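Novice: Before I ask anything, here is the structure I am working with.
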Amino acid sequence: MANLCETIGLFWHLFFNTSIATAKRISARLRLSGSFVCWPLHFSTSKQPQSITGKQSGQSTIPLLALLAIFFSALPAQAKYGGGSGTAGDPYLIYSAEQMNAICTNSSDWDKHFKLMADIDMVNYTGASLNIIGYFASYDNNKPFSGVFDGNDCTISNFTCTSYNTNYIGLFGYVTGVIKNLGLIKPHIEAGTVYDVGSLAGHLENGTITDCYAKGAYVYGGNSVGGLVGFNAGRIVNCYSTGMVWGDRFVGGLVGQVGAGTVTKSYSNAGVSGNLNVGGCVGKTMDETSAVTNCYATGRVTGNGYVGGMAGQVERGAVFQCYSVGSVTGNQYTGGLVGYIRVLGMVAHSFGDTQTSGQLTSAGGTGKTTAEMKMFSTYSAAGWDFWDIWEICEGMNYPVLQWQIPDEDFRCPDGVSFIDFAFFAAHWHHRHCNPSNNYCDGTDFDHSGSVDFLDLAIFADNWLAGVHN
Ligand SMILES: [Ca+2]
Ligand SMILES: [Ca+2]
1486 MANLCETIGL FWHLFFNTSI ATAKRISARL RLSGSFVCWP LHFSTSKQPQ SITGKQSGQS
1546 TIPLLALLAI FFSALPAQAK YGGGSGTAGD PYLIYSAEQM NAICTNSSDW DKHFKLMADI
1606 DMVNYTGASL NIIGYFASYD NNKPFSGVFD GNDCTISNFT CTSYNTNYIG LFGYVTGVIK
1666 NLGLIKPHIE AGTVYDVGSL AGHLENGTIT DCYAKGAYVY GGNSVGGLVG FNAGRIVNCY
1726 STGMVWGDRF VGGLVGQVGA GTVTKSYSNA GVSGNLNVGG CVGKTMDETS AVTNCYATGR
1786 VTGNGYVGGM AGQVERGAVF QCYSVGSVTG NQYTGGLVGY IRVLGMVAHS FGDTQTSGQL
1846 TSAGGTGKTT AEMKMFSTYS AAGWDFWDIW EICEGMNYPV LQWQIPDEDF RCPDGVSFID
1906 FAFFAAHWHH RHCNPSNNYC DGTDFDHSGS VDFLDLAIFA DNWLAGVHN
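According to this note's numbering, the residues represented by the sequence shown are 1486 to 1954, in order.
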């Protein structure tokens, strides 16, 4: 059986092909964008199909919906989730909060492939009603999520997770698999006395989390508490967190504690508050193979001891090519970038803002003034990669990660403004846009081959957009 998404996609194509030229053009754009992401069942969140049906006579919509209704009523009763068979080529499809919450109850599926197909709101899932995927009760009694969960650039919003005595708490409790392309909006975690607590994952062991974020997170735990991940012995790449994180020990804006794992090209601007080992990005690195590289933190950090804008303590492992700028307050072993470094720890080619942090000293890294922190030369002298990883608007902003920058922010990653419009306007009506000229220096947003009104509309949609955070 063709999977659900493909079938719906086919219906859309049949529909478009019988529609007028405008619809064909937009259909082409949808194909170009690669997939029918996040809207097949959620017409209210789908701008493009809505505007198309809106432009047609209202009658066009009805047969389509009727067709869909017939199709769904014909689905076999035993179809799991929203379709799919759980393989890499035919993942289980998740369209609703109910389907998301059902993953936990089928632990035999935890090694399967899943794909999120809609932005889902889990506001009705609070306390014990939210099922946590993957658990670790003891070394003899545990089962991780070892499959692949592809968020498909969709979001999961507003869930509340509460735990008073179970460790490994998050949307996923214990993960050895892959989670990618997933955004969490306002996740709320209440786990005040337990350990390994994060909004997305409580404990990541050998697995990978890429291109994920927690926006407006509220995370409250005991030890190893992070805005995104509590304890990381895997790989975290291209992720970020915002919001607020509280805990006792090993408390970090992004990750509470880093074991034999890495955090790369990620950042946090979450505020962090804890007792010992409290950091804007990570609370503590504890393994000789721990590595935090090309990361930054901007959140306010408050703790008692081992408190740093970037990391509370680098016990073992390395913090490399990172910076932090948030204000830092602590009683003992407090530093602008790092609170404390032990013999097996290393901090190199990293910088802390002595003015915004309120800390003139740091156990590691180099203190710089705010003006110096916004200069390209500060970082280039330390070998930072401004080709593939970082970007800076000289004298205007701290460095940002290239993946954060909107396509429309051509000049200076300082937001989409007149200087970017001037760049766009200079390419107006350019033709023969293709990969060899980077689609007319990026101004042919929809890759149609020319810079025209559709590109202008896309640009206008992103007017004043800043770096993603
Ligand atoms: Ca700009
Ligand atoms: Ca175009």
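A virtual CB, placed ideally from N, CA and C, is assigned to each residue, including glycine. Keep in mind it's a predicted model, so treat the numbers as computed, not measured.
At what residues does the alpha helix (DSSP H) containing A1910 begin and finish?
Specialist: 1903 to 1911
Novice: Run the CB neighbour count on V1813, radius 10 Å, all protein chains shown included, and call it buried at 16 or more, exposed below.
Specialist: buried
Novice: Are the CB atoms of L1713 and Y1705 nearer to each other than 9 Å?
Specialist: no
Novice: With DSSP run on the structure shown, which of helix, strand or coil describes I1877?
Specialist: Of the three classes helix, strand and coil, the one that applies to I1877 here is coil, per DSSP.
Novice: Going straight from the alpha carbon of G1756 to that of R1801, what length do you get?
Specialist: Their Cα atoms are separated by approximately 24 Å.
Novice: Can you name, in chain order, every residue of its own chain whose Cβ lies under 6 Å from the Cβ of F1657, other than the five neighbours on each side?
Specialist: I1618, G1619, F1630, A1686
Novice: Taking the straight line between their C-alpha atoms, what separation do you get for I1674 and D1625?
Specialist: 26 Å
Novice: From this set, A1848, Y1808, S1758, which residue's C-alpha is nearest Y1825's C-alpha?
Specialist: When only C-alpha atoms are compared, the closest one is A1848.
Novice: Mind checking whether the beta-carbon of S1921 lies closer than 8 Å to any heavy atom of ligand 2?
Specialist: In this structure, S1921 has its CB at a distance of at least 8 Å from all heavy atoms of ligand 2.
Novice: Tell me the rounded alpha-carbon separation between V1684 and F1836.
Specialist: Per the sequence shown, residue 1684 should be read as Ser rather than Val. S1684 and F1836: Cα-Cα distance of roughly 28 Å.
Novice: Give the C-beta separation of G1738 and G1784 to the nearest angstrom, bearing in mind that I take them to be a contact with Cβ-Cβ under 8 Å.
Specialist: 5 Å
Novice: Between the C-alpha atoms of S1933 and C1918, what's the straight-line distance to the nearest angstrom?
Specialist: S1933 and C1918: Cα-Cα distance of roughly 8 Å.
Novice: Give me every residue whose Cβ sits closer than 6 Å to any heavy atom of ligand 2, in chain order.
Specialist: D1929, D1931, S1933, S1935, V1936, D1937, L1939, D1940
Novice: From the DSSP output, in three-state form, read off T1590 for me.
Specialist: It is helical.
Novice: Provide the residue span of the beta strand (DSSP E) that contains S1623, from first to last.
Specialist: 1620 to 1623
Novice: Can you tell me whether DSSP reads T1747 as helix, strand or coil?
Specialist: strand
Novice: Taking one C-beta from the segment 1904 to 1913 and one from the segment 1875 to 1882 each time, how about it: are there three or more such pairs within less than 8 Å?
Specialist: no
Novice: Would you tell me roughly how many angstroms separate the C-alpha atoms of D1894 and Q1887, rounded to the nearest one?
Specialist: Rounded to the nearest angstrom, the gap between the Cα atoms of D1894 and Q1887 is 11 Å.
Novice: Can you tell me whether DSSP reads E1675 as helix, strand or coil?
Specialist: strand
Novice: Tell me whether C1897 counts as near ligand 1, meaning its Cβ is closer than 8 Å to at least one heavy atom of that ligand.
Specialist: yes
Novice: Taking the continuous beta strand (DSSP E) assigned at E1690, which residues delimit it?
Specialist: If you look at E1690, you'll find it in the beta strand (DSSP E) that goes 1686 to 1695.
Novice: Between which two residues does the alpha helix (DSSP H) holding I1641 run?
Specialist: Taken as a continuous stretch (DSSP letters only), I1641 belongs to no alpha helix (DSSP H), being part of the beta strand (DSSP E) at 1633 to 1642.
Novice: Let me make sure I understand the geometry here. Which of T1695, I1664, S1775 has the alpha-carbon closest to that of A1718?
Specialist: S1775
Novice: Just the C-alpha distance for Y1680 and G1571, rounded to the nearest angstrom, thanks.
Specialist: Distance between the alpha carbons of Y1680 and G1571: 31 Å.
Novice: Below 8 Å on the Cβ atoms is my guess for C1639 versus A1603; work out the distance and round it to an integer in Å.
Specialist: 6 Å
Novice: Going straight from the alpha carbon of A1622 to that of K1628, what length do you get?
Specialist: 9 Å
Novice: For N1643 versus V1682, is the C-beta distance shorter than 9 Å?
Specialist: Against a cut-off of 9 Å, the Cβ pair of V1682 and N1643 comes out as no contact.
Novice: Let me check one thing: in DSSP terms, what residues is G1716 bridge-paired to?
Specialist: It is Phe, not Gly, that sits at residue 1716 in the sequence shown. F1716 is bridged to H1688, Q1742.
Novice: Assign T1538 to one of two classes, buried (16 or more other C-beta atoms within 10 Å of its C-beta) or exposed (fewer than that).
Specialist: Reliability fails at T1538, whose pLDDT of 33 lies under 50, so the model's placement of it is uncertain and no value is given.
Novice: Classify S1558: buried if its beta carbon has 16 or more other beta carbons within 10 angstroms, exposed otherwise.
Specialist: Note that S1558 has pLDDT 48, beneath the 50 cutoff, so the model's placement of it is unreliable and the number below is only indicative. By the 10 Å Cβ count, S1558 comes out exposed.
Novice: Look at the alpha carbon of H1598 and the alpha carbon of K1665, and state the distance between them as a whole number of angstroms.
Specialist: 12 Å
Novice: CB-CB under 8 Å to I1654, same chain, minus the five flanking residues each way: which ones, in chain order?
Specialist: I1617, C1646, S1648, I1674, A1676, V1679, D1681, V1682, G1683, G1687, G1706, G1715.
Novice: For C1925, which of helix, strand or coil comes out of DSSP?
Specialist: helix
Novice: Tell me which residues share the same chain as D1596 and place their Cβ nearer than 6 Å to its Cβ, disregarding the 5 neighbours each side in the sequence.
Specialist: S1631, G1632
Novice: Please classify V1828 as buried or exposed, where buried requires at least 16 neighbouring CB atoms within 10 angstroms.
Specialist: exposed
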